[in-house]
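Everything in the sequence shown is counted per our numbering, starting at 25 for the first residue and increasing by one.
Idealized CB from N, CA, C, for every residue including glycine.
Treat the numbers as computed from the prediction; the structure is a model and nothing was measured.
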Amino acid sequence: IYQLEAIPFYKWNDSIQDFPQRLQIVRQLYLPRYYDDEPEVDCDSLNQLYPKLCQLDGGVRLADALSQHGIVPYHLQSMQRRLTNAFKDNNLESIMRLSAEIGHYIGDACVPLHTTTNYNGQLTNQVGIHAFWESRIPELFALEEFDMVVGSATYIEDPVAFYWNLVLDSHKEVDRVLGLEKELSKTYPTDKQFCFEDRANQNIRTQCSAFAEAYHLAMDKMVEDRFRVAVKALGDAWYTAWIDAGQPTPPVNNSLAKRTVEDEEIDNAVKSGKEKGREHE
């Protein structure tokens with residue numbers, strides 16, 4: 025997976041015998057700098073682990089040959105562990121930040137077009153389908169039509185299988201996402217597929233609401249279904265991290281303790297047994 029390259033020409037050959045050595049180098053020298061634009065390790069640091077491995081002037085670049093194809097199922101496992109540790113440390117700032125971040129990645133895992141190289145229809149003359157599926161349909165229908173009552177959170181027994189299944193279940197829908205839009209664009213009146221709308225002081229071209237609804241229905245509300253899966257998975261992830269941390273009492277931040285009128289309305293609705301929002305069907 026990982027290639028060790030001197031700058032600019034040396035390449036460490038892959039071999040089974042090299043694997044333990046390579047893994048140690050990746051863990052100790054590469055991962056701490058994973059998010060650098062060009063992760064580099066100087067030869068002195070490398071030779072402290074394995075003397076005389078690097079005999080070049082300058083640094084060494086570790087090229088990750090996996091990330092270019094996507095890392096979300098692996099990264100979600102890492103995020104799950106980090107959130108668990110944040111609960112163990114009773115670190116409110118980290119809990120809040122990681123809870124939000126893992127939600128972003130879970131959402132990514134639930135989008136079929138995130139699992140294919142044809143992620144924006146660029147290979148099938150369907151450029152723009154990513155925003156059509158992921159943004160346009162939810163912004164038109166989520167608030168009034170999507171049913172977000174997904175049930176109680178449940179404990180994730182096997183995070184590896186859980187996160188891989190999120191991705192694989194999304195990938196099963198790729199053909200439908202692309203195929204149904206292609207078919208619809210051929211049969212729906214061309215002059216009614218795109219409209220112009222004012223947004224953020226700009227006049228933009230986007231899919232007409234009626235065309236978007238036709239696509240939404242043709243997919244049998246797939247976007248809503250994947251949306252619901254993401255919401256449930258996020259609740260499960262938070263709950264599992266808290267359970268694995270030993271069910272600690274959440275830390276208190278006084279700056280978050282201020283009550284609003286809407287907070288009181290929600291509390292009163294809960295106490296009275298009345299749902300706030302669209303009724304569950």
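Check, Outcome
"Leu-73 vs Gln-104 beta-carbon contact at 8 Å", "no"
"Beta-ladder partner(s) of Cys-232, from DSSP", "The partner list for Cys-232 (beta bridge, DSSP) is empty, contrary to what the question assumes."
"Simplified DSSP assignment, three categories, for Glu-158", "helix"
"Simplified DSSP state of Phe-220, which is helix, strand or coil", "strand"
"Nearest residue (CA-CA) to Gly-131, options Gln-271, Phe-251 and Asn-292", "Phe-251"
"Inter-residue Cα distance where the pair is Glu-305 and Val-173", "For Glu-305, the predicted structure reports a pLDDT of 36, less than 50, and the residue's modelled location is therefore unreliable. The matter cannot be settled from this model."
"Run of the beta strand (DSSP E) containing Val-65, from where it starts to where it stops", "64-66"
"Environment of Val-276 [buried if 16+ CB atoms lie within 10 Å]", "exposed"
"DSSP three-state assignment for Gln-146, whether helix, strand or coil", "coil"
"Nearest-angstrom Cα separation, counted from Cys-78 out to His-128", "39 Å"
"Val-135 - DSSP class collapsed to helix/strand/coil", "coil"
"Three-state class that DSSP yields for Asn-225 in the structure shown", "coil"
"For Phe-235 and Ala-242, the rounded distance between their alpha carbons", "10 Å"
"Inter-residue spacing [alpha-carbon to alpha-carbon] between Ser-159 and Lys-295", "35 Å"
"Terminal residues of the alpha helix (DSSP H) in which His-99 lies", "96-112"
"Residues near Gly-94 by beta carbon distance below 8 Å, same chain, minus five either side", "His-138 and Thr-139"
"Cβ pair Ile-180, Thr-264 closer than 8 Å", "yes"
"N- and C-terminal bounds of the alpha helix (DSSP H) containing Arg-252", "246-268"
"Helix, strand or coil at Val-84 according to DSSP, with G and I counted as helix", "strand"
"Environment of Val-184 [buried if 16+ CB atoms lie within 10 Å]", "exposed"
"Closest Cα partner of Asp-222 within the set Cys-232, Glu-168 and Ile-161", "Cys-232"
"Rounded C-alpha distance that separates Gly-152 from Leu-202", "11 Å"
"Endpoints, alpha helix (DSSP H) assigned at Lys-76", "No alpha helix (DSSP H) contains Lys-76, which DSSP labels as neither H nor E."
"Coarse secondary structure for Val-50, derived from DSSP in three states", "helix"
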